[in-house]
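I have placed the structure first, in the form of structure tokens, so that the comments after it can refer back to it.
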Amino acid sequence: MNRIMIMAVGALMSLVVNAQEVIKLPAPERTATTVSVMDALAQRQSVRSFSSRELSDEQLSLLLWAANGVNRKDGRLTAPTAMNRQDIQLYVCRKDGAYSYDARSHSLTRVTREDLRPAVAGDRQPFVLDAPICLVIVSDQRKFGQRPSRDFSCIDAGYVSQNIYLAATAMGLGTVARAMMDKERVVKGLGLVEEQLLLLNHPVGYVKE
Ligand SMILES: Cc1cc2nc3c(=O)[nH]c(=O)nc-3n(C[C@H](O)[C@H](O)[C@H](O)COP(=O)(O)O)c2cc1C
């Protein structure tokens with residue numbers, strides 16, 4: 003009887019912990035912006051000056067969906083991927099920790115409680131620390147099975163990066179693609195393994211005029 007009680011309490015506690023570690027995002031609201039793709043292209047530019055104003059869950063939801071969310075019933079994504087291997091993994095780094103984005107459930111799973119933005123910023127671009135979030139783009143080469151390809155990883159990351167640029171622009175936000183970061187610290191903080199290539203990051207936030 004005691005054992006059953008202990009198991010039940012354990013299961014309950016793990017439910018509570020999981021509930022805290024997974025954030026279900028609101029459904030992406032595409033009509034929140036009326037900027038056309040052509041206008042977003044006309045306005046796209048790299049921004050390196052951010053206000054610390056936080057983004058809402060709705061903004062984060064739309065941004066992540068546009069970056070690499072599911073856009074069809076068969077589970078395919080807003081960004082193309084080589085052989086549809088869906089190798090790109092997006093992470094959201096913010097003050098309260100870092101999260102992995104799951105496109106299928108449109109949710110975030112906490113990876114760490116550490117603020118990894120200083121590691122993502124690195125030494126030379128402190129403006130990154132002003133942005134409320136940094137998206138980190140990783141390619142999991144294991145998704146390519148027997149034929150891992152760094153080319154495919156980089157190309158797939160590029161599509162997601164451009165989606166982030168265009169979505170941020172259309173949403174009245176700023177961003178810049180960055181290869182610069184303290185890779186060792188980011189790899190450690192996110193718990194990445196060798197096959198997970200850390201390729202780019204994107205601070206995103208309101209533009210400081
Ligand atoms: C692969 C890649 C890596 C980049 N890395 C950085 C970076 O580490 N830091 C930075 O400030 N900008 C970085 N950029 C942004 C470029 O400097 C920027 O796109 C370029 O100067 C053109 O400016 P624009 O984006 O406003 O057209 C990177 C861009 C790409 C595509």
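Its first residue numbered 3, the sequence shown is counted upward by one per residue in the working numbering.
Glycine included, every Cβ here is placed at the ideal spot set by N, Cα and C.
- The beta carbons of Ala-121 and Arg-180 sit no closer together than 9 Å.
- Bridge partners of Gln-198 according to DSSP: Asp-142.
- The Cβ atoms of Arg-96 and Cys-156 do not sit closer than 9 Å to each other.
- Here Met-40 is exposed, its C-beta having fewer than 16 other C-beta atoms within 10 Å.
- Residue state for Gly-124 is assigned as coil, using DSSP reduced to three classes.
- Taking 8 Å as the cut-off, the C-beta of Val-206 does not count as close to any heavy atom of ligand 1.
- Residue environment analysis places Ser-63 among the buried positions, since at least 16 neighbouring C-beta atoms fall within 10 angstroms of its C-beta.
- Annotation: the continuous beta strand (DSSP E) that includes Thr-111 extends over 109-114.
- Around the beta-carbon of Arg-119, 16 or more other beta-carbon atoms lie within 10 Å, marking it buried.
- Ser-48 has its CB nearer than 8 Å to a heavy atom of ligand 1.
- Per the C-alpha coordinates, the member of Ser-107, Arg-46, Ser-163, Leu-199 positioned closest to Lys-75 is Ser-107.
- In this structure Ser-38 is exposed. Its beta-carbon is surrounded by fewer than 16 other beta-carbon atoms within 10 angstroms.
- Judged by the Cβ position, Ser-141 fails to qualify as a neighbour of ligand 1 at the 8 Å threshold, every heavy atom of the ligand being at least this far.
- Counting along the chain, no alpha helix (DSSP H) covers Lys-26; the unbroken beta strand (DSSP E) around it starts and ends at 24-26.
- Within the region 75-108, the beta strand (DSSP E) runs of at least 3 residues that lie entirely inside it are, in chain order, 90-96, 99-104.
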